[in-house]
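Numbered according to the numbering used here, the sequence shown spans residues 2 to 404.
Here a beta-carbon is modelled for each residue, glycine too, at the ideal position from N, C-alpha and C.
A quick note: this is a predicted structure, and the numbers were derived from the prediction, not measured.
Here the structure is laid out as structure tokens; the discussion comes afterwards.
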Amino acid sequence: MTWAEPGPPASYSWEATDEGVATRFGLTVGQIVRFDLNTSPAPPALLGEMLAAGTFETSLSEYPPGDYRRLVEAAAERYGVGTDEVVPGAGADEILDMAAKAFLRAGERAVVPVPTYAMYRVVTEQRGGVVVPVPRLGPDEGFALDLPAMREAARDAALVWLCNPNNPTGAEEPEGAIEALLDTIKADAAAEGRDPAAVVVDEAYAEFTGRSLIGIRSSYPNLVVVRTASKAYALAGLRVGFAIAAPASLARVALYRPPGSIGTISETVVTRALREPAAMLANVARVAAERPRLLAAFETAGWRPYPSVACFVLVDLGSAARASFVAGQLLRRGIVPRTFSAGHPAERCLRLTVRAPQENERLIEAIAQIAPEAARVTAHLDPDPATTRLASEAAQPVPKEPA
Ligand code: PMP
């Protein structure tokens with residue numbers, strides 16, 4: 002295994018905005034549908050009610066409560082943990098940033114199973130940490146972790162980043178796999194007389210499976226679980242996420258919580274959303290009902306969708322050229338897919354969010370139109386260089402690997 006010297010962090014830029022995509026493709030903002038962000042079609046009804054009422058936990062002329070006590074209490078109850086086991090942040094992304102600060106010092110190693118969510122690399126490199134990429138097993142093994150390779154890499158690492166269910170593959174680890182890795186990390190550290198690596202498990206999509214590692218936190222003091230209000234709770238714009246861990250690890254993360262990064266409106270709304278999960282459960286049910294239709298449409302098109310337990314599907318188009326062609330064709334219709342740049346392990350793929358029934362219908366119709374021409378695209382001969390150029394231009398602003 003080789004490591005790069007610590008250097009400047011991997012750069013990233015924000016996703017193209019709706020306005021940006023519309024301008025580039027000569028469309029109106031109203032024609033744009035985001036299949037690239039793994040978000041939900043609409044926020045829960047309670048958001049509108051609360052905004053109309055205009056009353057929040059404290060006056061908006063004041064700062065939010067410094068301890069976010071009500072939000073923390075609601076999260077502790079929802080996740081079945083103590084209030085000393087929850088730290089809130091401005092989205093899971095801020096939690097990842099705090100975890101990197103808590104567990105990594107410059108020059109230390111962080112293990113990243115690839116492909117996965119791009120921010121693990123970014124926050125590691127921002128700390129001057131060194132990313133140790135460990136390839137996942139292939140699609141026929143469900144993109145599972147390569148457990149022996151992970152164990153080996155974790156031996157001299159300070160931090161291990163895991164994402165379960167994993168973005169962008171949409172797969173979850175086999176039952177017991179992460180526990181087995183945690184056990185070997187613990188045993189190796191004990192045998193070698195050192196502290197085990199911290200293991201951060203990003204469960205941004207856990208509500209879609211109903212499974213979580215939160216229940217084993219007391220057995221693994223090095224385990225930190227990350228959750229968010231952005232995905233199943235359909236409140237990505239409010240920017241609220243959580244770190245959940247046994248008190249000792251949690252206290253380390255809490256040291257890096259910035260003051261007041263969650264606004265009072267976000268705090269008040271997410272507190273209620275956590276206490277009234279009916280809309281979240283309905284959103285999970287929508288995804289479960291709609292996902293098979295998308296999988297079927299991809300198969301009919303002759304493409305290879307990978308099984309997904311999450312609110313998005315990774316589809317293998319067979320070649321990077323075909324993925325790029327299809328992305329361009331979708332974008333011209335206002336449908337924004339997640340693309341992967343050349344050299345990424347998923348460069349032959351697009352990732353598409355499971356959206357509302359009518360929106361999915363639009364995608365399915367577009368696929369039916371595009372598929373015959375896409376079938377003629379080969380890696381060597383692109384019949385329409387213009388669309389490839391449009392797709393790759395559109396791909397440029399999105400290397401953050403959003404959502
Ligand atoms: N983790 C994963 C795996 C994600 O896909 C996302 C969505 N971009 C995040 C974290 C960040 O989510 P949040 O909106 O809570 O910052």
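According to the neighbour-count rule (16 or more other Cβ atoms, all chains shown, within 10 Å of its Cβ), is residue i buried or exposed?
i, result
"Thr389", "Its pLDDT being 46, under 50, Thr389 is placed unreliably in this model, and the coordinates cannot settle the point."
"Thr301", "exposed"
"Val124", "buried"
"Ala119", "buried"
"Arg106", "exposed"
"Thr269", "buried"
"Leu282", "exposed"
"Arg70", "exposed"
"Arg122", "buried"
"Ser219", "exposed"
"Gly329", "buried"
"Glu142", "exposed"
"Pro9", "exposed"
So, helix, strand or coil for residue i, using DSSP?
i, result
"Pro306", "strand"
"Asp203", "strand"
"Pro373", "helix"
"Gly108", "coil"
"Ala408", "No answer is possible for residue 408: the residues shown for the chain start at 2 and end at 404."
"Arg349", "coil"
"Pro10", "coil"
"Arg128", "coil"
"Thr379", "coil"
"Gly143", "coil"
"Phe313", "strand"
"Val22", "helix"
"Val135", "strand"
"Thr40", "coil"
"Glu16", "coil"
"Arg218", "helix"
"Leu182", "helix"
"Val82", "coil"
Output the distance between the C-alpha atoms of residue i and residue j, rounded to the nearest integer angstrom.
i, j, result
"Ala405", "Ile263", "Nothing can be reported for residue 405, as the shown portion of the chain is limited to 2 through 404."
"Ile186", "Glu126", "23 Å"
"Glu360", "Gln32", "11 Å"
"Val271", "Ile215", "20 Å"
"Leu52", "Ser250", "36 Å"
"Glu405", "Tyr234", "For residue 405 there is no data in the structure shown, the boundaries of the chain being 2 and 404."
"Ile217", "Thr340", "35 Å"
"Asp383", "Ala54", "In this prediction, Asp383 scores a pLDDT of 48, lower than 50, which makes its location untrustworthy; the coordinate-derived value is nonetheless stated afterwards. Straight-line Cα distance between these residues: approximately 55 Å."
"Glu180", "Ala158", "18 Å"
"Glu86", "Glu348", "39 Å"
"Arg128", "Ala46", "40 Å"
"Gly130", "Gln370", "46 Å"
"Arg212", "Leu148", "20 Å"
"Pro89", "Leu72", "8 Å"
"Gly21", "Ala154", "41 Å"
"Thr379", "Glu50", "52 Å"
"Trp304", "Leu146", "25 Å"
"Asn284", "Leu275", "14 Å"
"Pro259", "Ala244", "14 Å"
If you drop the 5 nearest sequence neighbours on each side, which residues of the same chain put their C-beta closer than 7 Å to that of residue i?
i, result
"Thr265", "Phe57, Glu58, Thr59, Leu61, Pro65"
"Ile336", "Val34, Phe36, Arg363, Leu364, Ala367"
"Cys312", "Asn39, Tyr206, Phe209, Lys232, Val288, Thr354, Val355"
"Tyr257", "Met99, Lys102, Ala103"
"Arg156", "Asp189"
"Gly27", "none"
Could you pull out every residue in the same chain whose Cβ sits closer than 6 Å to the Cβ of residue i, ignoring the five residues on either side in sequence?
i, result
"Ala93", "Ala205, Val227, Thr229, Gly242"
"Leu315", "Pro169, Thr170, Gly171, Tyr307, Cys350, Arg352"
"Pro42", "Arg356, Ala357"
"Cys164", "Thr117, Tyr118, Asp203"
"Ala91", "Arg240, Ser262, Ile263"
"Gly177", "none"
"Met151", "Val135, Leu182"
"Leu97", "Met120, Val124"
"Glu109", "Gly130, Ala159"
Next on the checklist: Any contact between the segment 291–301 and the segment 70–90? By contact I mean 3 or more CB pairs, one from each, below 8 Å.
Outcome noted: no
Checklist entry - Would you say the segment 10–30 touches the segment 311–321, given that touching needs at least three Cβ pairs under 8 Å? => result no
Next on the checklist: When you compare the segment 134–146 with the segment 107–115, are there three or more beta-carbon pairs, one atom per stretch, that lie closer than 8 Å?
Outcome noted: yes
Checklist entry - Should the segment 188–200 be regarded as contacting the segment 211–228, the criterion being three or more beta carbon pairs within less than 8 Å? => result yes
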